[in-house]
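Visitor: Just dropping this structure here.
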Amino acid sequence: MYHGFLMLAIDATGSFFACRAVAPGMVERGYGRIVLIASIAGKDGNPMAAAYSASKAAVIALAKAVGKDLAGTGVLVNCVAPAVIETPILEGLSEEHIGYMVERIPLGRMGTAEEVAALVCWLASEDCSFSTGATFDISGGRAVY
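If you want it as structure tokens, here you go:
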């Protein structure tokens, strides 16, 4: 249970405090982009990962709320919800857990950090000018909404 509390504190509260720290300066300048990292687990929920799923659902809700709060200021807030991505974090998961996640991806593979980074870079750029409070899936087709 303690581990779950820490996960919520880091993922949800950490994202909240990061927004609170950077938003005032961005608003003052009339321009900014905030990109939060959620997870497909925050939309679907994953078995064996209740605290993680809940923490990432909170990040999605935070992006929606802060995106609306800052609308019209020049600051856009969005988040990315990746499915399983090939990173060192997988070393701490069981093969069963990894298999569960990959089996649900229609493209049949894990994503790469480079694929996620490309989406984050676009969301953080001037080219992203008409999206705020949104969640962008990068899930190989797993996302259903």
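In terms of this note's numbering, the sequence shown is residues 345 to 489.
We put the beta carbon where it would ideally sit given N, CA and C, even for glycine.
Every value quoted in this text rests on a predicted model; they were computed, and no experiment measured them.
In the segment 376 to 451, which residue ranges form an unbroken alpha helix (DSSP H) of at least 4 residues, counting only runs that do not cross its ends?
Guide: 385 to 388, 394 to 414, 439 to 447
Visitor: Three Cβ pairs or more, each shorter than 8 Å: is that satisfied between the segment 432 to 440 and the segment 459 to 473?
Guide: no
Visitor: Run through the DSSP bridge pairs and tell me what I482 is partnered with.
Guide: P426
Visitor: Are the CB atoms of K400 and A382 within a distance shorter than 8 Å?
Guide: yes
Visitor: Which residue's Cα is closest to the Cα of L352: A365, R377, L406?
Guide: L406
Visitor: Quick check on G455: does DSSP put it in helix, strand or coil?
Guide: strand
Visitor: Taking 7 Å as the limit between beta carbons, can you name the residues of its chain near P368, skipping five residues before and five after?
Guide: none
Visitor: Could you pull the start and end residues of the alpha helix (DSSP H) that C363 belongs to?
Guide: 358 to 373
Visitor: If you reduce the DSSP assignment to three classes, tell me which class C465 lands in.
Guide: helix
Visitor: Does the distance from the CB of M392 to the CB of H347 come in under 8 Å?
Guide: no
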